[in-house]
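Q:
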Amino acid sequence: MSFFRRPDYKSDTTQFLDQLKAGKPGLEASQRQGRALLWDKQIDRQFQVEAEDARVAQKPYVYQTGSDFI
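The opening position of the sequence shown corresponds to residue -18 in the working numbering, with each subsequent residue numbered one higher.
1) What number of angstroms, rounded off, separates the C-alpha of L19 from the C-alpha of E9?
2) Suppose you measure from the CA of P6 to the CA of F(-3); what does that come to, to the nearest Å?
3) Of all the CB atoms in chain B, is at least one closer than 8 Å to the CB of Q23?
4) For the alpha helix (DSSP H) holding Q14, just list the boundary residues, first then last.
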């Protein structure tokens, strides 16, 4: 190592996160559990295809019905 080398820089945010993780060792595991609960879902591909096939095209002006013409 060089005599003139400075120590590696760590921002205040990085230092805060390191201290937080050191103080709460189960933090990352609880974050992963929360993500799995809310975001990691199994998708039923067959239902998704059926729902897309059953979709009805929207009219250009949604408030106009077929009987409104004069």
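Note that beta-carbon positions come from the ideal geometry of N, C-alpha and C, so glycine has one too.
A: Walking through what the data contain:
1) What you label residue 19 is simply residue 38 of the sequence shown in a count that begins at 1. What you label residue 9 is simply residue 28 of the sequence shown in a count that begins at 1. If you take the alpha carbons of L19 and E9, they lie about 16 Å apart.
2) Looking up residue 6 in the sequence shown gives position 25. Looking up residue -3 in the sequence shown gives position 16. The straight-line gap from Cα to Cα measures roughly 14 Å.
3) This model lacks chain B altogether; it includes just one protein chain.
4) As a working note, residue 14 is residue 33 in the sequence shown. Here the alpha helix (DSSP H) through Q14 covers 8 to 19.
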